[in-house]
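Here is the structure we will look at.
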Amino acid sequence: MSLAYSTDLGSTWSTVVAAAPNTGRYSWPVPTAPTAQGLIRVSSTEEPFLSDTSDAAFTIGTAPTTGTVIPEGAIWKYFASGADPGASWNLPSFDDSAWPSGPAELGYGDGDEATVLPRTSPSQSSVYFRHEFTLAGPISAASVTVRHDDGVAIWLNGSLVFSANMADGLAHAEYASASAENATLTTALPASAFVVGENTMAVMVKQVGPTSPDLSFRLRLDVTGSAAGP
1048 MSLAYSTDLG STWSTVVAAA PNTGRYSWPV PTAPTAQGLI RVSSTEEPFL SDTSDAAFTI
1108 GTAPTTGTVI PEGAIWKYFA SGADPGASWN LPSFDDSAWP SGPAELGYGD GDEATVLPRT
1168 SPSQSSVYFR HEFTLAGPIS AASVTVRHDD GVAIWLNGSL VFSANMADGL AHAEYASASA
1228 ENATLTTALP ASAFVVGENT MAVMVKQVGP TSPDLSFRLR LDVTGSAAGP
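Numbers 1048 to 1277, taken from the working numbering, label the letters of the sequence shown in order.
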């Protein structure tokens, strides 16, 4: 027997094997040819006009891949002076060119920071972070793993997608609603919040009170889809 496949409902055919024993089964690797119009044709090598084609079209797809878009040691822009950066700080259009930058972990007071931030007196209520990344194509799922001390809120392209220990509100002067000593958590983010092309993640980390001696932040973003990868 011979075996061929088509990706265009039989308009053209590609040979899988020209001659193979007719045992009733044949194993072959699926071709890397994504289509929703796939067909298989089995033909007799002894009687070329005797053949059979699959009754309905099948789909060959690309398996989703998972990749890290923002690694844990990524470089973040930050604003830690204790002042309010303004209402638009979490928008993609915000000009953060004057903000300093450094690799995560960012913070102070624990001795394990890659970038040591200034601590004000009293301790600043809120510290702000921004990171831009690019997706080459759409994604189907996303998750973040974030280490925070104490409260944290995450915006993606200007939309709030997650918060923890922020029951007192997101205003600049408010402190976190609960203490979280270097807490690490993982949570899913809505894939609909991402766009193909440039994305902006903005993060607010809050102290639990004016005498809080330490602050910590680092984040990893993983996505699933054709655009996965750094």
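Virtual Cβ for every residue (Gly too), placed ideally from N, Cα, C.
The structure displayed is predicted, hence computed values, not measured ones.
Unbroken beta strand (DSSP E) run spanning residue i, endpoints
i     : result
L1236 : A1230 to L1236
Y1175 : S1173 to L1182
F1264 : L1262 to G1272
F1209 : S1206 to A1211
G1149 : S1148 to P1150
T1115 : T1113 to I1117
T1062 : S1061 to V1064
L1217 : Counting along the chain, L1217 falls outside any beta strand (DSSP E), and DSSP gives it neither H nor E.
Y1155 : L1153 to Y1155
DSSP three-state assignment for residue i, whether helix, strand or coil
i     : result
S1239 : helix
G1276 : Reliability of the predicted coordinates at G1276 is poor, the pLDDT of 49 falling under 50, and no value is obtained from them.
N1246 : strand
S1168 : coil
T1162 : strand
W1123 : strand
F1141 : coil
W1136 : coil
Residue i - partner residues in DSSP beta bridges
i     : result
Y1222 : Y1222 pairs with nothing; no bridge assigned.
R1194 : T1231 and R1265
R1088 : A1051 and T1100
Buried versus exposed call for residue i [16 or more other C-beta atoms within 10 Å across all chains shown]
i     : result
D1159 : exposed
A1183 : exposed
D1102 : exposed
Y1052 : buried
Option nearest residue i by Cα separation, candidates the options
i     : options                       : result
R1072 : G1085, V1089, T1059 and S1210 : V1089
N1137 : R1265, V1252, L1268 and D1261 : V1252
V1191 : I1107, D1261 and V1250        : V1250
T1263 : T1233, V1270 and A1227        : With the sequence shown as reference, residue 1263 is identified as Ser, and Thr is not the correct amino acid for it. The shortest C-alpha separation from S1263 is found at A1227.
D1269 : S1224, P1081 and M1248        : M1248
G1272 : G1114, Y1052, V1063 and S1206 : G1114
T1233 : P1165, S1239 and S1210        : S1210
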